[in-house]
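Following: one structure in structure tokens, then a few remarks.
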Amino acid sequence: METALSVTRTIMEISTQVAIIGVGISIFMLLYRVIKGPTNPDRAVALDVMGITLMALAGLVTILLVTTKLNDVVLLIGILLFIGTIALAKFIEKGVIIERDDN
Numbered sequence: 001m002e003t004a005l006s007v008t009r010t011i012m013e014i015s016t017q018v019a020i021i022g023v024g025i026s027i028f029m030l031l032y033r034v035i036k037g038p039t040n041p042d043r044a045v046a047l048d049v050m051g052i053t054l055m056a057l058a059g060l061v062t063i064l065l066v067t068t069k070l071n072d073v074v075l076l077i078g079i080l081l082f083i084g085t086i087a088l089a090k091f092i093e094k095g096v097i098i099e100r101d102d103n
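Per full-length UniProt numbering, residue 1 is the first one in the sequence shown, and the count goes up by one each step.
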């Protein structure tokens, strides 16, 4: 029973480390798309996906460290990502984020 538990733990650590490397590579590829993106909507989508991959990275680090302390960080990134996506979509659509009446 003890060997099965240690084998499972080793497999979990290796698969988590491979996933962290994959997510890290995707973050660099998305950073390239944010910088070089042909249009502003492409940049916005890349930024949104980059935030989701950051959430995944925080979740994977949580699994690797065997803790629940980073769950709040994942939720915070999600909330900020949602607000940022709404603001960016409004800016792309109208050109301003906060409309002011000149009356």
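The beta-carbon is built from N, C-alpha and C at its ideal position, and this holds for glycine as well.
Taking C-alpha positions only, E13 is separated from D101 by approximately 56 Å.
The Cβ atoms of L54 and T16 do not sit closer than 8 Å to each other. For E99, there is no enclosing alpha helix (DSSP H), as DSSP gives it neither H nor E. With the rule of 3 Cβ pairs closer than 8 Å, the stretch 16-27 does not count as touching the stretch 73-81.
Taking 8 Å as the upper bound for CB-CB distance, T62 and N71 are in contact here, some 7 Å apart.
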